[in-house]
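In what follows, a structure is listed as structure tokens, so that the remarks can point back to it.
There are 2 protein chains.
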Amino acid sequence: MGSDTRARLLEAAARLFRRQGYAATGLKQVTAEAGAPWGSLYHFFPGGKEQLGVDAVGYSGARFTRLFDLVYGRAEGDAAEAVRDVFHLSIDALERSGWGDGCPIATVALEAASTSEPLRHACAEVFADWRAATARRLAAEGIERAEDLATCVLAAFEGALLLSRANHDTGPLRVTAEIMARTIRECRPGSASADSVS
Amino acid sequence: MGSDTRARLLEAAARLFRRQGYAATGLKQVTAEAGAPWGSLYHFFPGGKEQLGVDAVGYSGARFTRLFDLVYGRAEGDAAEAVRDVFHLSIDALERSGWGDGCPIATVALEAASTSEPLRHACAEVFADWRAATARRLAAEGIERAEDLATCVLAAFEGALLLSRANHDTGPLRVTAEIMARTIRECRPGSASADSVS
DNA sequence: GAGATACTAGATAGATCGATCTAGTGAGAC
DNA sequence: GTCTCACTAGATCGATCTATCTAGTATCTC
Chain A
1 MGSDTRARLL EAAARLFRRQ GYAATGLKQV TAEAGAPWGS LYHFFPGGKE QLGVDAVGYS
61 GARFTRLFDL VYGRAEGDAA EAVRDVFHLS IDALERSGWG DGCPIATVAL EAASTSEPLR
121 HACAEVFADW RAATARRLAA EGIERAEDLA TCVLAAFEGA LLLSRANHDT GPLRVTAEIM
181 ARTIRECRPG SASADSVS
Chain B
199 MGSDTRARLL EAAARLFRRQ GYAATGLKQV TAEAGAPWGS LYHFFPGGKE QLGVDAVGYS
259 GARFTRLFDL VYGRAEGDAA EAVRDVFHLS IDALERSGWG DGCPIATVAL EAASTSEPLR
319 HACAEVFADW RAATARRLAA EGIERAEDLA TCVLAAFEGA LLLSRANHDT GPLRVTAEIM
379 ARTIRECRPG SASADSVS
């Protein structure tokens, strides 16, 4: 047992979907990148391309959830600092990969939003996980309405990643990181404007 | 002169790219949707699919720039209110179209970011226009670092649109609109935390 | 009317797509 | 040994893709 072919296929698919999207990625390219025979693809993913997509989204999503939990679990710094760290991890990944490694889910999510219900649902679940991880970190600091703030933080992160990738410039990620960190600090209990909302 | 075939092709391409992305949209589908003959496509867009993509991005981008200027040019409400209005325009479009009409650029931008330089550049220019329009509106209210705040607002908008589309739920757009409106108000001169940054 | 230009119309090419199918290989069960 | 089953290997299918090519039609100029 134990052939790692399935894992290699999943990894290759995740990498290609991240870089060039779902529709632009051919299954032939996936098997070539994975060094796997064509026949193995339909052995491990009898549901074809859509199943491979769903599984790859779940795979990438889980990997990033672990990464979030790692950063959020660190002792140093407050929640604002932790969020800043997440942004800067993406900055590094973007620069190191030549603007290739953005969000592993976003492209597929947009492509599938009105096209494939299983794929869209898989993306939505990943986003929910990321949001929940962020919300827990915010709530640990006593921030009220942590769920809503986490939604906004995740949205700003995804959007900034999109802008930075499109512009080939890390500026949007850097700027957005600073402003969101300040926004988080202002939501802390005891902050001057924390309860200016209700 | 005066055949509107080119305009119909552009409109159909923009609509399809918005809904299902660049790679997933076939040129056959574009001509069919436009009611245009196949031959006309390469007559008006000799550069093929890529030129059609670049032109469609510019077309959609200009249309939205006009829409932004319209909303931002209104007399009623402050900048925070205006930004809120932009978010809610998208909420309406999303609901009316059954989650189809998101950002007309974002999907293509992500697909092209590491794939087609001309296409990526076209998207970057559109984003720059949108950011500039937002920055002007913010600066008109005396907000400092309006460019940076506009970047953040645009990022949050794009990200919230992505999340709402993936979740089939306007919640992320609504929540993010409120938080960004508050953030803008806190950046106004005279606000308690306006100069707590430097 | 003649000729040039702009556009329409669609056949066709050649490549590639996702998916199915058959045949073969290899390791473990008994 | 041999039976079984997980997996490999790739030929093959029909559909669809982008792009090119040739004709034909309409419209304007002169």
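If you read the sequences in order, they're chains A and B.
Under the numbering used here, the first sequence has 133 at position 133, and the numbering climbs by one with no breaks.
Each position in the second sequence, counted from 1, maps to that position plus 198 in the numbering used here.
Cβ coordinates follow ideal geometry from the N, Cα and C atoms, glycine included.
Is the beta carbon of residue j closer than 7 angstroms to that of residue i?
{"i": "Thr223 (chain B)", "j": "Leu214 (chain B)", "result": "yes"}
{"i": "Arg19 (chain A)", "j": "Ser312 (chain B)", "result": "yes"}
{"i": "Thr107 (chain A)", "j": "Leu361 (chain B)", "result": "no"}
{"i": "Asp290 (chain B)", "j": "Val175 (chain A)", "result": "no"}
{"i": "Glu139 (chain A)", "j": "Ala146 (chain A)", "result": "Contrary to the premise, residue 139 (chain A) reads as Ala rather than Glu in this sequence. Yes, they are a contact pair."}
{"i": "Gln249 (chain B)", "j": "Phe243 (chain B)", "result": "yes"}
{"i": "Pro370 (chain B)", "j": "Thr151 (chain A)", "result": "yes"}
{"i": "Ala23 (chain A)", "j": "Gly298 (chain B)", "result": "no"}
{"i": "Gly159 (chain A)", "j": "Gly237 (chain B)", "result": "no"}
Could you tell me whether any Cβ in chain B is nearer than 7 angstroms to the Cβ of residue i?
{"i": "Glu199 (chain A)", "result": "This structure does not reach residue 199 (chain A), given that chain A is present from 1 up to 198, and the question cannot be answered."}
{"i": "Arg188 (chain A)", "result": "no"}
{"i": "Ile184 (chain A)", "result": "no"}
{"i": "Gln20 (chain A)", "result": "yes"}
{"i": "Ser90 (chain A)", "result": "no"}
{"i": "Gly77 (chain A)", "result": "no"}
{"i": "Leu110 (chain A)", "result": "yes"}
{"i": "Gly39 (chain A)", "result": "no"}
{"i": "Ile159 (chain A)", "result": "Sequence inspection shows Gly at residue 159 (chain A); the Ile mentioned does not correspond to that position. Answer yes: the Cβ-Cβ gap between Gly159 (chain A) and chain B drops below 7 angstroms somewhere."}
{"i": "Phe64 (chain A)", "result": "no"}
{"i": "Ser198 (chain A)", "result": "With a pLDDT of only 40 at Ser198 (chain A), under 50, the local geometry of the prediction cannot be trusted, and the value read off the model is given with reservation. By this cut-off, Ser198 (chain A) is not an interface position."}
{"i": "Ala122 (chain A)", "result": "no"}
{"i": "Pro118 (chain A)", "result": "no"}
{"i": "Ala181 (chain A)", "result": "no"}
{"i": "Asp195 (chain A)", "result": "Low per-residue confidence applies at Asp195 (chain A): pLDDT is 48, beneath 50, and the placement is therefore not dependable, though the value from the model is reported in the following sentence. Not one chain B Cβ lies under 7 angstroms of Asp195 (chain A)."}
{"i": "Pro172 (chain A)", "result": "yes"}
{"i": "Ala166 (chain A)", "result": "yes"}
Nearest CA to the CA of residue i: which residue from the options?
{"i": "Tyr257 (chain B)", "options": "B:Leu371, B:Ser314, B:Arg206, B:Val351", "result": "B:Arg206"}
{"i": "Phe266 (chain B)", "options": "B:Thr374, B:Leu352, B:Trp297", "result": "B:Leu352"}
{"i": "Phe157 (chain A)", "options": "A:Gly102, A:Thr115, A:Pro189", "result": "A:Gly102"}
{"i": "Arg335 (chain B)", "options": "B:Pro302, B:Leu359, B:Glu274", "result": "B:Glu274"}
{"i": "His366 (chain B)", "options": "A:Val86, A:Ala32, A:Gln20, A:Phe127", "result": "A:Phe127"}
{"i": "Glu33 (chain A)", "options": "A:Thr107, A:Asp129, A:Ala14", "result": "A:Ala14"}
{"i": "Trp130 (chain A)", "options": "A:Tyr72, A:Thr170, A:Leu94", "result": "A:Tyr72"}
{"i": "Ala177 (chain A)", "options": "A:Tyr22, A:Ser90, A:Leu27, A:Pro37", "result": "A:Ser90"}
{"i": "Ile143 (chain A)", "options": "A:Tyr22, A:Leu41, A:Lys49, A:Gly190", "result": "A:Gly190"}
{"i": "Ser314 (chain B)", "options": "B:Thr263, B:Lys247, B:Thr229, B:Gly357", "result": "B:Lys247"}
{"i": "Arg386 (chain B)", "options": "B:Arg294, B:Arg264, B:Ala364, B:Glu339", "result": "B:Glu339"}
{"i": "Leu359 (chain B)", "options": "B:Phe285, B:Leu208, B:Gly245", "result": "B:Phe285"}
{"i": "Gly47 (chain A)", "options": "A:Gly98, A:Thr65, A:Leu27", "result": "A:Leu27"}
{"i": "Gly165 (chain A)", "options": "A:Pro104, A:Arg84, A:Ala112, A:Leu94", "result": "Note on identity: in this sequence residue 165 (chain A) is Arg, with Gly being the wrong assignment. When only C-alpha atoms are compared, the closest one is A:Leu94."}
{"i": "Pro211 (chain A)", "options": "A:Trp38, A:Thr65, A:Thr31, A:Leu41", "result": "An answer regarding residue 211 (chain A) cannot be provided, because it is not within the stretch 1 to 198 covered by chain A."}
{"i": "Gly61 (chain A)", "options": "A:Leu41, A:Ser97, A:Glu11", "result": "A:Glu11"}
If you measure from the beta carbon of residue i to each beta carbon in chain A, is any gap under 7 angstroms?
{"i": "Gly271 (chain B)", "result": "no"}
{"i": "Val373 (chain B)", "result": "yes"}
{"i": "Asp346 (chain B)", "result": "yes"}
{"i": "Ala211 (chain B)", "result": "no"}
{"i": "Trp328 (chain B)", "result": "no"}
{"i": "Arg335 (chain B)", "result": "no"}
{"i": "Leu361 (chain B)", "result": "yes"}
{"i": "Ser312 (chain B)", "result": "yes"}
{"i": "Gly298 (chain B)", "result": "yes"}
{"i": "Ile341 (chain B)", "result": "no"}
{"i": "Phe266 (chain B)", "result": "no"}
{"i": "Thr349 (chain B)", "result": "yes"}
{"i": "Phe215 (chain B)", "result": "no"}
{"i": "Thr305 (chain B)", "result": "yes"}
{"i": "Pro302 (chain B)", "result": "no"}
{"i": "Phe285 (chain B)", "result": "no"}
{"i": "Phe325 (chain B)", "result": "yes"}
{"i": "Ala254 (chain B)", "result": "no"}
{"i": "Ala278 (chain B)", "result": "no"}
{"i": "Ala222 (chain B)", "result": "yes"}
* Asked: Would you call the region 178-187 of chain A and the region 64-84 of chain A touching, i.e. three or more CB-CB distances under 8 angstroms?
  -> yes
* Indicate whether the contact test is met: 3 or more Cβ pairs, each with one atom in the region 40-56 of chain A and one in the region 112-126 of chain A, closer than 8 angstroms. => yes
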